[in-house]
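Residue numbers (UniProt numbering): 1 to 156.
Quick look at the structure:
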């Protein structure tokens, strides 16, 4: 038997509510359970025997007004946290090294380069000290790279 259904309403019990349906030893059989059932409108459903061939969902699962308000508040809080973190990251122009006894040698001679991060990496060639430094550690020694011969290069 083939069936085509139009404007169906699907009701289902979410997995989080299944524990409330299972009988417990300490609960009475006559107690009312507060089980939340999700509903959504299906536009077109095609059935063949007992199998569902296809469904078209028109709506999202319907939520009550309280649930929507709670969800909206959570989303707003998350958005505010993300924007706050993003602004804090933008405010910090770079890591400023504080003089310690361990790195006093480096900070006394290089304090100007460390404390003032350059706005551009193209400084006209006058600041070669920090050019080969690592991104995260300004006090690391310059990195030396292995020679990479161009294509067709022959060693003698």
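Beta carbons are placed, not taken as given, at the ideal position from N, Cα and C, and that holds for glycine.
Note that the structure is predicted; figures quoted are calculated from it, not measured.
Segment limits, alpha helix (DSSP H) that includes residue i
{"i": "residue 183", "result": "Since the first residue of the chain shown is 1 and the last is 156, residue 183 is not available in this structure."}
Limits of the unbroken beta strand (DSSP E) element including residue i
{"i": "residue 39", "result": "38 to 48"}
{"i": "residue 148", "result": "It is not in any beta strand (DSSP E) - residue 148 carries neither H nor E in the DSSP assignment."}
{"i": "residue 35", "result": "Here residue 35 belongs to no beta strand (DSSP E), and DSSP marks it neither H nor E."}
Identity of the residue in the options nearest residue i by Cα
{"i": "residue 13", "options": "22, 6 and 7", "result": "22"}
{"i": "residue 163", "options": "57, 83 and 19", "result": "Since the first and last residues shown for the chain are 1 and 156, residue 163 lies out of range."}
{"i": "residue 44", "options": "59, 66 and 145", "result": "59"}
{"i": "residue 40", "options": "48, 49 and 8", "result": "8"}
Simplified DSSP state of residue i, which is helix, strand or coil
{"i": "residue 16", "result": "helix"}
C-alpha gap between residue i and residue j, whole angstroms
{"i": "residue 10", "j": "residue 81", "result": "36 Å"}
{"i": "residue 55", "j": "residue 85", "result": "42 Å"}
{"i": "residue 46", "j": "residue 64", "result": "29 Å"}
{"i": "residue 42", "j": "residue 51", "result": "16 Å"}
{"i": "residue 154", "j": "residue 142", "result": "28 Å"}
{"i": "residue 35", "j": "residue 67", "result": "14 Å"}
{"i": "residue 152", "j": "residue 144", "result": "23 Å"}
{"i": "residue 72", "j": "residue 3", "result": "39 Å"}
{"i": "residue 158", "j": "residue 90", "result": "Past the edges of the chain, shown from 1 to 156, lies residue 158, and the structure says nothing about it."}
{"i": "residue 70", "j": "residue 87", "result": "26 Å"}
{"i": "residue 1", "j": "residue 53", "result": "12 Å"}
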